[in-house]
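Here's the structure, in structure tokens; my notes come after.
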Amino acid sequence: MDRYDPAAVETRWQAIWEREGVFDVPNPGPGDPGDDLTYVLEMLPYPSGELHMGHVKNYTMGDVVTLYRRRNGYRVMHPMGYDAFGLPAENAAIRSGRHPAESTRENIAAIRRQMKRMGWSIDWNRELSTADPTYYRWTQWIFLRLYEAGLAYRKSAAVKWCPNDQTVLANEQVIDGHCERCGAEVEARTLEQWFFKITAYADRLLDDLAAVHWPDRVVTMQRNWIGRSHGAEVEFAVGDGTSLRVFTTRPDTLYGATFFVLAPEHPRAIELAAGGEHAQAVADYVRHTAARSAVERAEAREKTGVFTGRYVTNPVNGEQIPVWVADYVLAEYGTGAIMAVPAHDERDFEFAQAHGLDIRPVVAPRGAEPSADVAFSAHSDDEVLVNSGEFTGLAAPEGARAIIARLEAEGRGVGTIAYRLRDWLLSRQRYWGCPIPVVHCGACGIVAVPDDQLPVILPDVADYAPRGRSPLAAAEDWVNTECPQCGGPALRETDTMDTFVDSSWYFMRYADPHNDKAPFSREVVDAWLPVDQYIGGVEHAILHLMYARFFTKALYDLGYLGFTEPFENLFTQGMIYYKGAKMAKSKGNVISPDKMVEDYGADTVRLYSLFLGPPEQDAEWFDGGVEGSNRFLRRLWRAAIESIDEMGPGIPSSAPADGPGAGLVRKTHATIDTVTRDIGARFAFNTAESAIHELVNTWRATPEATPEQRRFAVATAVSLVQPYAPHIASELWERMGGQRLWNAPWPKADPAMLVSDHVTYAVQVNGKLRGEFDIATDAARDRILAAARAVPNVAKHLDGATVVKEIVVPGKLVSFVTG
RNA sequence: GACCCUGUGGCGAAACUGGUAGACGCACCGGGCUUAAACCCCGGAGGCCUCAUUGGGCCGUGUGGGUUCGAGUCCCACCAGGGUCACCA
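When you line the first sequence up against the numbering used here, it's residues 20 to 838, in that order.
Okay, here's the thing in structure tokens:
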């Protein structure tokens, strides 16, 4: 008997898989109904370094699902690529002093080598890199289609600016108002920027969440991010013929509006106060707030603000209320102005108290006195309007509807919906990204680069460090071009696209990765997509997943796709912690999979990465634990070799359940059942693995079983472990006389073997466990009760007492309650 | 501040719809194999108490209540750790 040598086994099978093209899954040809197609996808890695254990867990999970589905008769697309543009790669390059193109190329090579060494069943024919011109050509092409459709536009906007790094930052690079890299406080700057009009899809992005099978918390995060609020826009007359509009979700409280507040950035804030005695105070306040960061503003203990000296008219009661400017009102939400109802809004209440403004309750619990001592914000059918003119007495929701109706009738307001979602700022003044394919022509303005001139190649520049403007601006030969429309001199756009643009459609490109006429053919993409199972980190719960959904819907509307949601099922896996911290390069606590693979083999590392705990939960990596998975594989190896010595080749699909080995045979069927449900339905990879351990333990404890029974058990264990540990499983399967385990059908449990003719009942007396007994599975209730009473310790506890209740849970327990 | 997740042996965890808490694994202890060690094999184990023994009793899933014959699981309140959003009118 030879020893288990993971390196030899894994090298051998990886060569066979590659030679036989085992992982290649071609697209369906004409006339192929494609009923058996399924698409399993893990989020693609940033090639900013090598793979870490988080990747190992993520991709192993996807591989288990892939291999499992293949053996259940599906053709599974399981591709891989690299999210190669963007800040992670660029920052890595800057750190190492290498050109991003060069360091990215090397990182990709290293990652590819690691992935192959892990034995993941990836269809390498579909491999892509988002930084490759053959890919980003189509990113640019899609950008132009969105531009033509009015879904990409340019406007002046406030962006996050790091004064130290001299660059704009992506929102996700701003942590608590500070630059993620250097820690400097982020400033707001106004720059001409490119946006995608994702807000046009707010309703669909929200409503279609009902149709996907995603974790609740991800759905909730997306809902909150979109932030749809129903309410009304209400007009308040200024008195000079103009008016100011507010958005409110509480039109029922309109009679309680005792003042009015403009955000400092509101276009009319300064103008309204101008000429009056408060003009200087307002101007000072506006200037002061502009200098404060959003964080400072939000963290201020007391709400600040100044009176403008002006009044507006409440449209329902004609009352004149003072107009204030205060920074607790956000310019970017709603209309940048609010009607303040201190009696029913916490923030307005605080402001009113700080500045001595009136607090007038107009909603109260039915039958209760209204109170002006707290902000009372409930507004269900249990609350009624008070002090509200003709609306007094109406339930709050009804009152809101009635007030909107009157405002609409009088043309002073309209029922409306507000969103928290903002348009997606996609331009970056950074080097390592996909160039935005437009030129700026003095005569024609912004002109799209024609499709036949794509891709606009990212020029090779020597100095790609951020300087406050795009490093591309320095590539003068590249920047100076001619206008495709008039032929005159023009300048190329020097901003690049946010990395999230690249990753918003990569899952479509996999279906048709070599197409050089289009990003993909609709026929092929419709055959494979939507992705049946998407797997990745919960950190992408909002941005990537929202953007990808937006792209899918936009491309659907433009006729390029036949589906509206990209990811049917989503699984978000937890992070891996090590020594109490997130395993991350920046924390210096990364465990290299390479070292683990070298010491134990890929199969062990795969197995252990999923044994760590429930896959959706964060898990602590424990060095010693990997020994256990390795030990298990060595035991499995020995068991198979021993079984081969016992009976030679042969792979039975069941064995007679008789003699001393009957329990082993039943256990084997039960294990098939458990593992099938745990992998197939529950994603409980850790417990499936435990079940296989149990089977092998039972095998070891049952030497008296027949060789055939023992072979059935061992062969089944090998077969079931294949999605986790495909190399050793393929090897042992072959040695036992099987062929090509990855093509072998997934084992089926015999339902008859899952029920035994005897069961063990537990007996409780007054809720306490007092004994147990064995009885025939089909025993009648009175026989079960009699047997339960006959258990000596049960009899002792029932002695002298009156049983007032008898409960029988079939197959489980008997419970007696005494009087 | 709001919302979400998590809390079970020394450790990672299991218990799927309320039904024998601690499967599986790590570490540990005892024994075997070995000149020795590694590997491997067999056995043990939540805590406390009790019986000569088979055995039996009490306590035990963050804390306090509740519902139930029965609660790790359901309900209420709270505590701790982590995450997300954070003045969204």
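Note that CB positions come from ideal geometry on N, CA and C, so glycine has one too.
Own chain, CB closer than 7 Å to residue i, minus 5 neighbours either side, in chain order
{"i": "D576", "result": "none"}
{"i": "H746", "result": "V28, E29, W32, G138, A621, D622"}
{"i": "T272", "result": "V360, H363, V381, V382"}
{"i": "P66", "result": "Y101, A103, A108, T123, N126, I127, I130"}
{"i": "P532", "result": "R145, L147"}
{"i": "F519", "result": "L562, H563, Y566"}
{"i": "R789", "result": "V782, Q783, N812, V813, H816"}
{"i": "A300", "result": "V325"}
{"i": "A807", "result": "Y780, V782, F792, V813, V833"}
Exposure of residue i, with buried meaning 16 or more beta-carbon neighbours within 10 Å
{"i": "R236", "result": "exposed"}
{"i": "I698", "result": "buried"}
{"i": "C505", "result": "exposed"}
{"i": "A26", "result": "exposed"}
{"i": "S115", "result": "exposed"}
{"i": "D776", "result": "exposed"}
{"i": "H816", "result": "buried"}
{"i": "Q741", "result": "buried"}
{"i": "S738", "result": "buried"}
{"i": "E18", "result": "It is not possible to answer for residue 18, since the shown part of the chain is limited to 20 through 838."}
{"i": "E365", "result": "exposed"}
{"i": "N333", "result": "buried"}
{"i": "R730", "result": "buried"}
{"i": "D470", "result": "exposed"}
{"i": "V433", "result": "exposed"}
{"i": "S749", "result": "buried"}
{"i": "R136", "result": "buried"}
Residues near residue i in its chain [Cβ-Cβ closer than 6 Å; skip 5 each side]
{"i": "M20", "result": "Interpretation of M20 is limited by its pLDDT of 48, a score under 50 that renders its predicted location unreliable; the figure taken from the coordinates is listed afterwards. So the list reads I660, once near-sequence residues are dropped."}
{"i": "H249", "result": "I436"}
{"i": "T239", "result": "none"}
{"i": "L210", "result": "V178"}
{"i": "V684", "result": "A674, A676, Q728"}
{"i": "F370", "result": "K322"}
Cβ-Cβ separation, residue j to residue i (assumed contact under 8 Å), whole Å
{"i": "T277", "j": "L404", "result": "The pair is not a contact, with the Cβ atoms about 16 Å apart (cut-off 8 Å)."}
{"i": "F104", "j": "G555", "result": "Rounded, the Cβ-Cβ distance is 18 Å, inconsistent with contact."}
{"i": "T7", "j": "P766", "result": "The requested residue 7 does not occur in the structure, where the chain is confined to residues 20 to 838."}
{"i": "I340", "j": "V331", "result": "6 Å"}
{"i": "W244", "j": "L440", "result": "7 Å"}
{"i": "W443", "j": "F586", "result": "So it is not a contact: roughly 18 Å between Cβ atoms."}
{"i": "I455", "j": "D514", "result": "6 Å"}
{"i": "A710", "j": "V694", "result": "5 Å"}
{"i": "Y274", "j": "N336", "result": "6 Å"}
Same chain, Cβ closer than 8 Å to residue i, five either side skipped, listed in chain order
{"i": "R719", "result": "R654, A658"}
{"i": "R754", "result": "A659, I660, I663"}
{"i": "V480", "result": "Y450, P490, L491, A493, A494"}
{"i": "D551", "result": "T57, Y58, V59, E587, N588"}
{"i": "K174", "result": "E211, Q212, F214"}
Runs of alpha helix (DSSP H) wholly within the region 680-761 (minimum 4 residues, chain order): 681-696, 704-719, 726-740, 745-754, all fully within the region 680-761.
Sequence ranges, alpha helix (DSSP H) only - wholly within the region 87-155, length at least 4: Counting whole runs of 4 or more residues, the region 87-155 contains the alpha helix (DSSP H) stretches 106-115, 119-137.
Three CB pairs or more closer than 8 Å across the region 486-494 and the region 442-458: Segments in contact, yes.
The region 511-531 in contact with the region 157-168 per 3-pair CB rule at 8 Å: At 8 Å Cβ cutoff, the stretches touch.
Start-end ranges of the alpha helix (DSSP H) lying completely within the region 341-406, minimum 4 residues: Here the runs fully enclosed are 365-374.
Alpha helix (DSSP H) runs wholly inside the region 250-323, at least 4 long, in chain order: List check, alpha helix (DSSP H) in window: 288-292, 298-309, 313-318.
Cβ contact check for the region 385-394 and the region 277-288: 3 or more pairs under 8 Å: No, the region 385-394 does not touch the region 277-288.
The region 549-563 contacting the region 582-593, beta-carbon criterion three pairs below 8 Å: Segments in contact, yes.
Stretch pair the region 493-505 + the region 535-547: three plus CB contacts closer than 8 Å: With the rule of 3 Cβ pairs closer than 8 Å, the region 493-505 does not count as touching the region 535-547.
Any 3 or more C-beta pairs closer than 8 Å across the region 563-575 and the region 214-230: In the pairwise beta carbon analysis, the region 563-575 is classified as touching the region 214-230: at least three pairs are separated by under 8 Å.
Every unbroken beta strand (DSSP E) within the region 462-505, with a cutoff of 3 residues, ordered by chain: You should have 464-467, 499-501.
Validate contact between the region 700-709 and the region 631-644 using beta carbons, cut 8 Å, 3 pairs: Counting Cβ pairs under 8 Å, three or more are found: they touch.
contact_flag[the region 70-89, the region 41-61] where n(CB pairs < 8 Å) is 3 or more: Short answer: they touch.
Cβ pair count under 8 Å reaching 3, the region 415-430 against the region 456-468: With the cut-off at 8 Å, the region 415-430 and the region 456-468 do not touch.
Alpha helix (DSSP H) segments (min. 4 residues) lying fully within the region 770-838: As far as the region 770-838 is concerned, its whole alpha helix (DSSP H) runs of at least 4 residues are 770-773, 800-809, 811-817.
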